[in-house]
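Numbering (the working numbering), first residue to last: 20 to 503. Where is the CB? At the ideal position from N, CA and C, for every residue including glycine. Reading through the C-alpha cells given below for one structure.
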Amino acid sequence: MQRFIRFTSIILILFFFLLLQSCSKGCRRGEEAKLKQAEELIKKNEHKEASKILDEIIKNNPKSEKAYELRIKLNLQGKKQKEEELLGDYDKVVEIKGSEQLPLLKEICLNMIRYFLSSDDTEVKMDAIKAVADLGESSFIPDLKNLFNDQDYDVRNESAGALKKMGFVPSEEYLTKKINSGDEWDKMYAIRAWGEDGKISSIPEFKKALNDEDFDVRIEAAKALGNKGDKSAVASLKKLLQDKDTEVRLYAAQSLLKLGERSALSKLISALKSEDYDIRATAVRILGEVGGKDAVIGLKNALRDKDEIVRKEAVDALEKLGNRSVIPELLNVLKDEDYNVRTSAALALYKLGDSSVIEKLKKNLGDNDPETRSFAVQVIGEMGKETISADEIAKIRQLLRDEDPEVRLTAIHALGLIGDKSDIEEIKKMLSDEDDEVKLEAVTTLGKTGDIQVIKDLRNLWMKKVKNPSFKLQIALALKKIIK
20 MQRFIRFTSI ILILFFFLLL QSCSKGCRRG EEAKLKQAEE LIKKNEHKEA SKILDEIIKN
80 NPKSEKAYEL RIKLNLQGKK QKEEELLGDY DKVVEIKGSE QLPLLKEICL NMIRYFLSSD
140 DTEVKMDAIK AVADLGESSF IPDLKNLFND QDYDVRNESA GALKKMGFVP SEEYLTKKIN
200 SGDEWDKMYA IRAWGEDGKI SSIPEFKKAL NDEDFDVRIE AAKALGNKGD KSAVASLKKL
260 LQDKDTEVRL YAAQSLLKLG ERSALSKLIS ALKSEDYDIR ATAVRILGEV GGKDAVIGLK
320 NALRDKDEIV RKEAVDALEK LGNRSVIPEL LNVLKDEDYN VRTSAALALY KLGDSSVIEK
380 LKKNLGDNDP ETRSFAVQVI GEMGKETISA DEIAKIRQLL RDEDPEVRLT AIHALGLIGD
440 KSDIEEIKKM LSDEDDEVKL EAVTTLGKTG DIQVIKDLRN LWMKKVKNPS FKLQIALALK
500 KIIK
C-alpha cells in the first residue's frame, strides 16, 4: 500500500510539473506574441495601442526585459519625453540583466539632447547646441541646419558654429541660395562661410554685399574679403573706411591690414579712444590679430581701460601675440579689481614664461579670502599637473570641503583638468553637494573622465527628479561622453 501511495505521489508530482512547464511555455509564447504585436504597432506609429500591450505584459511579468526595452523605444519616439518612465524602465533592464546596457543608454542620452534642441527656452536650446558641438555626432547635422530657421539670431549663430566645428562644409550652390534668400542672417552666414572656405571661388553677390543696407552684412563682407586675400578688393575696402558705422570701418581696416595696407592701422588705434566700450573691445581684438609694434603699444594702454571687458580683451590679445616685453604690465594687472581680468593675466604670464606667478598662486591656496583661494585654484588648474607638486594637489583636494561654494566649484574644475584618476571618488561625493552649481561642475568633470564606474552615480542623480532642464542636459551629455 505504501509503495502504491509513493508511486501515485510521484506520478502526481510529475504530472503537475509537466503541467506547470506547459503553462509556462504557453505563457511565454503568449508574451512573445504580444511583444511582437507591440513591436509592429511601434513601427506603424500606433503608440497608444502598443503602450497598452506593453503595460499589460509588465503588469503580468515585471521581469520582462524585452517589454521594458520596447517601452523605452516607444518613449524615445514620442514628441514629449516621459522622462521618469524612461529612466525607470532603463533601471529595470539593468536590474534584470545585471549590468549597464551602454548602447541603450547612449540612445536615451542622444534622444534627450535632441529633445532639448527644440526647447522653448532659448538658453536651454543654446546649451543643447553647445553639447552637440562638444559631442561632434554627425547625426545631429540635420537638426542644426533646421535651427537656421530659428527666430533668435544667437541660436542660428551657435548652430552655424557647431556645424563648422563638426566639419560641415556648405556647397557653393547652397551659399548662393542663402545670399539671395532676402533674409539678413542668411546673407551673413553665406558670406562668412564663403570667406572661411578657400575652395569656393569669388562670387559676384558676395562683393556686392559690401554695399548692403545692413551694417552686419557689410561687416561680414569686409571680413570675408580679408580672409580670402583678394587684393582686388582693396579699393572697395578703402571706401568702407568712411562707412557711417564704426564697426564696419574697423573690420574694413582689419581686412586691409591682412592685405598688406598698414596705413589702415591708424583707424584701429584711434578707435581705442571711442566712448563706446564695445567699439574699444572690438578694436582691441583686431589689434591682437594683426600685431606689430604700434598694436602692442595700443594694447598696453588698453590694459588701463575703465571697462573690465576691454581690459580682459587686451590681456588676451597680448597673450596671443606672445611678446614677452609686456610681462611687467601684466604683472600689474594681477592687482586688477576684476576677477576675470586677473585670471586672464595670470594665465597669460604663465604662457609667456613668467614662473614667478606660479609661486604666488601656490601661496594663495590657503588665503583667508575665498575669492583669492578660488582665483589661485582656477589658474593652477588651467596650468596643469606639471606645474605643481603632490602636496599642492593635496591642498586642492582639501578645498573640495571649503565652506565657500565657489571655491569648491573651482577645486572640482581644477582636479578635472589635472586629470588624476584617484580623484574620481572624491569628485563623485560632490554630486551630493548642497549647492546646485557645485553639483553641476561635478557632473561635467565626471563626464570628462570617461570612467564607466561613474555611470550609476550620474543616473541616480538624474533619477532624483532634477527639475532644471540645463542640469538634465549636462547629465545626458556627461553620460554620452563616457559611453562614447
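When the Cα atoms are used, what is the spatial distance from residue i to residue j?
i	j	result
residue 165	residue 188	16 Å
residue 306	residue 318	7 Å
residue 526	residue 205	The structure shown has nothing for residue 526, since the chain only spans 20 to 503.
residue 500	residue 435	14 Å
residue 57	residue 477	31 Å
residue 310	residue 325	23 Å
residue 139	residue 336	37 Å
residue 454	residue 460	10 Å
residue 127	residue 134	10 Å
residue 452	residue 485	14 Å
residue 496	residue 280	46 Å
residue 397	residue 426	9 Å
residue 65	residue 123	22 Å
residue 67	residue 74	11 Å
residue 162	residue 442	37 Å
residue 227	residue 192	17 Å
residue 301	residue 112	54 Å
residue 457	residue 328	26 Å
residue 438	residue 401	11 Å
residue 512	residue 340	The requested residue 512 does not occur in the structure, where the chain is confined to residues 20 to 503.
residue 60	residue 96	12 Å
residue 11	residue 338	It is not possible to answer for residue 11, since the shown part of the chain is limited to 20 through 503.
residue 185	residue 370	28 Å
residue 198	residue 288	33 Å
Alpha helix (DSSP H) containing residue i: first to last residue?
i	result
residue 476	474-482
residue 351	346-352
residue 362	358-370
residue 334	327-340
residue 403	Neither: residue 403 is in no alpha helix (DSSP H) and is coded neither H nor E.
residue 255	253-259
residue 343	No alpha helix (DSSP H) contains residue 343, which DSSP labels as neither H nor E.
residue 162	160-165
residue 175	172-184
residue 207	203-215
residue 420	From DSSP, residue 420 is part of no alpha helix (DSSP H); its letter is neither H nor E.
residue 497	488-502
residue 235	234-247
residue 225	223-227
residue 169	It is not in any alpha helix (DSSP H) - residue 169 carries neither H nor E in the DSSP assignment.
residue 250	Looking at the DSSP string, residue 250 is not in any alpha helix (DSSP H), and its letter there is neither H nor E.
residue 15	What the structure shows of the chain is the stretch from 20 to 503, and residue 15 is not part of that stretch, so it cannot be assessed.
Could you check how far apart the C-beta atoms of residue i and residue j are, in whole angstroms? I think they sit under 8 Å.
i	j	result
residue 105	residue 76	Going by Cβ atoms, the distance from residue 105 to residue 76 rounds to 17 Å, so no, they are not a contact pair.
residue 214	residue 246	4 Å
residue 266	residue 233	At roughly 12 Å, the Cβ-Cβ gap does not stay under 8 Å, so residue 266 and residue 233 are not in contact.
residue 148	residue 492	That pair is no contact at about 11 Å.
residue 322	residue 334	7 Å
residue 167	residue 157	That pair is no contact at about 17 Å.
residue 125	residue 502	5 Å
Determine, for residue i, whether the minimum Cβ-Cβ distance to residues of chain C falls below 9 Å.
i	result
residue 84	Included in the structure is just one protein chain, with no chain C present.
Notebook entry, point to check: How do the segment 71-84 and the segment 105-120 stand: do at least 3 beta-carbon pairs fall below 8 Å, yes or no?
Noted result: yes
Check: Are there three or more Cβ pairs, one per stretch, closer than 8 Å when the segment 296-314 is compared with the segment 277-286?
Finding: yes
Next item on the list: Report yes or no: do the segment 356-363 and the segment 373-387 share at least 3 C-beta pairs separated by less than 8 Å?
Entry: no
Margin query: Just to confirm the assignment: which complete alpha helix (DSSP H) runs, minimum length 4, are found wholly within the segment 66-147?
Written below: 66-79, 84-96, 102-116, 121-136
Check: Taking one C-beta from the segment 390-410 and one from the segment 419-439 each time, how about it: are there three or more such pairs within less than 8 Å?
Finding: yes
Notebook entry, point to check: Along the chain, which unbroken stretches of the alpha helix (DSSP H) at least 4 residues long are found entirely within the segment 274-303?
Noted result: 284-290
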